[in-house]
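>
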Amino acid sequence: MSMLSRRELIRRLVAGAALGIGGGWTALAEAAPRRLIPWHNWSGAQACIPFARLAPKSEDELAEAVRNAVGTIRPVGASHSFSALVPTDGTLISMPYFTGLLAHDTGKMQSEFGGGTPMSTMGEALKAVGLALPNMSDIDYQTLGGAISTSTHGTGVTFGSYSTQVIGLRLVTARGEIVDCDAEHHPEIFRAARVGLGALGLITRVRLQNRKAFRLREKMWVAKTDDLLDDVATLTRENQHWEMQIITNSDYAAAVALNETEDPPTPPIDPAEEGGNDYVTAIQKLDQYGRDWPAARTAILNLVARTASFDERVGDSFDIFANVRNVRFNEMEYSVPAENGPACVREILRKIRDKRLPTWFPIEYRYVHADDIPLSMFEGGPRCSISVHQHYTMDYHNYFAAVEPIFWKYGGRPHWGKLHTLGARQLEPLYPRWKEFADVRAELDPQGKFLNGHLRTVFGA
Ligand SMILES: Cc1cc2nc3c(=O)[nH]c(=O)nc-3n(C[C@H](O)[C@H](O)[C@H](O)COP(=O)(O)OP(=O)(O)OC[C@H]3O[C@@H](n4cnc5c(N)ncnc54)[C@H](O)[C@@H]3O)c2cc1C
25 MSMLSRRELI RRLVAGAALG IGGGWTALAE AAPRRLIPWH NWSGAQACIP FARLAPKSED
85 ELAEAVRNAV GTIRPVGASH SFSALVPTDG TLISMPYFTG LLAHDTGKMQ SEFGGGTPMS
145 TMGEALKAVG LALPNMSDID YQTLGGAIST STHGTGVTFG SYSTQVIGLR LVTARGEIVD
205 CDAEHHPEIF RAARVGLGAL GLITRVRLQN RKAFRLREKM WVAKTDDLLD DVATLTRENQ
265 HWEMQIITNS DYAAAVALNE TEDPPTPPID PAEEGGNDYV TAIQKLDQYG RDWPAARTAI
325 LNLVARTASF DERVGDSFDI FANVRNVRFN EMEYSVPAEN GPACVREILR KIRDKRLPTW
385 FPIEYRYVHA DDIPLSMFEG GPRCSISVHQ HYTMDYHNYF AAVEPIFWKY GGRPHWGKLH
445 TLGARQLEPL YPRWKEFADV RAELDPQGKF LNGHLRTVFG A
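Residue numbers for the sequence shown follow the working numbering, beginning at 25 and rising by one.
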């Protein structure tokens, strides 16, 4: 038996600690000097210090890492979830080596991407082969695997979430097995994994149904929130993608309509002017000065809103869908049955006004088409998604606690990636196909390797 030098022993221990793989890991890891790298999400409200942070380079390496990982394993994408899906003091696995367009079929309008692909890179890659995502969320900073895992969505009564665009995927499961699933192969795993909360395994590849590349025209205008809500049926029928951002403490909202066009693109706007920075900062300032005089604040906000005007934009779909969001916030979003949207948001606005809840961030109001995915917020019927935000420097607990029961009253389901306080007892009755997901999860991960504290609450495990 060859003897290791002391220096070589230490080198191997450190390498083992960094990778978190290899036999006898626990004993080695305990002895090894380790560098702990803290993690936090985009808003800064979720944080953890994982024992190991891994970025495997191949499926075999990933499978080995999963088999030998220390503590609870959590996959992480771009850390853009507000809820505590990701934190673990065990092993955090990211997927920067599973990226890019892997295959495509322009005839069938299908493509395959790595599960860790930043969505901001997908638009150009698809355009180069004549394809596009049919609908997108309002940012593209997420990874593909992260976005589908929480049922991330955009807006449009005839458009489902990203998960509905998925026609197949590959998972590395808790046992370190590699499973390809679609409607024909392991259909029960496929149905569950299209919105899997990172609880079924790590997604290494995703096959998508695309459409041909297209351009969009964006129109924005300001109108009274009440009038927009009265006209919601027409606005959502006559525009492919319609939403509004309600300016809290005012009577107005900014409406946004996106429709397909063959018109030539308008000149690109200066990135410094994107992101609603000026608009949001102006509202924040007004709030600071006007908080003690709510009637005056409303009057000024109404005046500013009435005078706002916006240039129309035309561009590639992925450029128009995605916005820059560089003012940080925390967020709660529920999706209520579509017909309940107007009453629900009106009650939220009344609550903010009557209780003088301290907030100034706009409320986002969107519509999403129904699907049949067990844990999708949109399972079984069309929904209206309503998001309340709080600037990251302001406490969100009281505001969100006041609003959350209104969402419950209107039959809301919480966005998995956003803040909520529900556990299995409240969630299960909201999802008729809950057991379908629970059975697949128990089969794939009987020991709960992927369950952190938050997911144990969510699944009652
Ligand atoms: C500024 C901002 C704007 C947003 N806009 C929208 C919006 O318009 N619409 C909307 O619906 N949501 C929106 N969100 C929420 C966001 O889209 C979701 O929370 C999304 O899941 C984040 O993706 P991510 O790549 O950051 O994943 P993370 O937040 O890192 O992880 C999300 C979940 O996916 C799992 N996961 C990540 N990668 C993998 C993988 N490869 N395999 C298996 N599981 C994986 C994680 O374990 C976790 O459970 C927004 C968030 C922010 C911060």
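We put the CB at the ideal spot given by N, CA and C, even for glycine.
Nothing here was measured: the structure is a model prediction, and the numbers come from that model.
Check whether the Cβ atoms of residue 231 and residue 193 sit closer than 8 Å, and answer yes or no.
It is a contact, given that the beta carbons lie within the stated cut-off.
> Report yes if the CB atom of residue 222 is closer than 8 Å to the CB atom of residue 402, and no otherwise.
In this structure, residue 402 does not lie closer than 8 Å to residue 222 by Cβ.
> What does the Cβ neighbour count give for residue 104, buried or exposed, with the cut at 16 atoms within 10 Å?
Buried is the call here.
> Note the first and the last residue of the continuous beta strand (DSSP E) segment covering residue 411.
Counting along the chain, the beta strand (DSSP E) containing residue 411 begins and ends at 407 to 415.
> Please report the distance separating the alpha-carbon of residue 118 from that of residue 378.
Each residue's alpha carbon lies about 44 Å from the other.
> Give, in chain order, every unbroken run of the beta strand (DSSP E) that is at least 3 residues long and sits entirely within the region 211 to 264.
Complete beta strand (DSSP E) runs here, min 3: 226 to 233, 239 to 248.
> Which residues share a DSSP beta bridge with residue 356?
Beta-bridge pairing links residue 356 to 412.
> Return the chain-ordered ranges of every alpha helix (DSSP H) run that is complete within the region 96 to 180 and spans a minimum of 4 residues.
The qualifying runs are 146 to 151, 168 to 173.
> From the DSSP secondary-structure annotation, give me the bridge partner or partners of residue 73.
Answer is none; residue 73 lacks a bridge partner.
> Does the Cβ-Cβ distance between residue 434 and residue 350 come in under 8 Å?
Cβ distance not < 8 Å, so residue 434 and residue 350 don't count as in contact.
> Let me know the secondary structure DSSP gives residue 395 once reduced to three states.
Looking at residue 395 - three-state DSSP - the assignment turns out to be strand.
> Look up residue 85 in the DSSP assignment and say whether it is helix, strand or coil.
It is helical.
> Is it the case that the Cβ atoms of residue 362 and residue 408 are separated by a distance below 8 Å?
In this structure, residue 408 lies closer than 8 Å to residue 362 by Cβ.
> CB-CB under 6 Å to residue 87, same chain, minus the five flanking residues each way: which ones, in chain order?
Excluding residues within five positions, the ones whose Cβ falls inside 6 Å are 196, 200.
> For a quick check, are the C-beta atoms of residue 459 and residue 107 less than 8 Å apart?
No, the Cβ-Cβ distance between residue 459 and residue 107 is not below 8 Å.
> Can you list, in chain order, the residues of its chain with a C-beta nearer than 8 Å to that of residue 324? Leave out the 5 residues immediately preceding and following it.
So the qualifying residues of the chain are 310, 314.
> Are there any heavy atoms of ligand 1 lying less than 7 Å away from the beta-carbon of residue 80, as far as the coordinates show?
Flag unset: Cβ of residue 80 not near ligand 1.
> In whole angstroms, what separates the C-alpha of residue 472 from that of residue 466?
About 8 Å.
> To the nearest angstrom, report how far apart residue 464 and residue 155 are at their CA atoms.
Cα to Cα, the separation comes out at about 33 Å.
> Where does residue 79 fall in DSSP's three states?
Here residue 79 sits in coil by DSSP.
> Let me check one thing: in DSSP terms, what residues is residue 285 bridge-paired to?
BP columns for residue 285 point to 239.
> For the beta strand (DSSP E) that residue 377 lies in, which residues bound it at each end?
Premise fails: residue 377 lies in the alpha helix (DSSP H), 365 to 378, not in any beta strand (DSSP E).
> Can you grab the Cα-Cα spacing for the pair residue 386 / residue 276, in whole Å?
Rounded to the nearest angstrom, the two C-alpha atoms are 10 Å apart.
> With a 10 Å radius around its C-beta and 16 neighbouring C-beta atoms as the bar for buried, classify residue 494 as buried or exposed.
The shown model of the chain, from 25 to 485, leaves out residue 494, and the question about it has no answer.
> Measuring alpha carbon to alpha carbon, tell me which of 134, 328, 370 ends up nearest residue 430.
The shortest Cα separation from residue 430 among 134, 328, 370 belongs to 370.
> Tell me which residues share the same chain as residue 384 and place their Cβ nearer than 8 Å to its Cβ, disregarding the 5 neighbours each side in the sequence.
Same-chain partners within the cutoff: 272, 273, 307, 308, 310, 311, 415.
> Would you report the Cα separation of residue 348 and residue 469, rounded to the nearest angstrom?
Approximately 37 Å between the Cα atoms of the pair.
> Tell me whether residue 312 sits in a helix, a strand or coil according to DSSP, three-state version.
Helix.
> Under the DSSP definition of a beta bridge, which residues are partnered with residue 444?
For residue 444, which the question treats as bridged, DSSP gives no partner whatsoever.
> Please determine, among 341, 446, 186, the residue with the shortest C-alpha to C-alpha distance to residue 424.
The residue with the shortest Cα to Cα distance from residue 424 is 446.
> Would residue 340 and residue 81 be called neighbours here (beta carbons separated by less than 8 Å)?
It is not a contact, given that the beta carbons lie outside the stated cut-off.
> Judging by CA-CA distance, which residue of 461, 139, 334, 336 is the nearest neighbour of residue 399?
Of 461, 139, 334, 336, the residue nearest in Cα terms is 461.
> Tell whether a beta-carbon distance below 8 Å holds between residue 229 and residue 136.
Cβ atoms of residue 229 and residue 136: closer than 8 Å.
> Assign residue 54 to one of three DSSP states: helix, strand, or coil.
Confidence is the limiting factor: at residue 54 the pLDDT is only 45, short of 50, which leaves the residue's position unreliable and the question unanswerable from this model.
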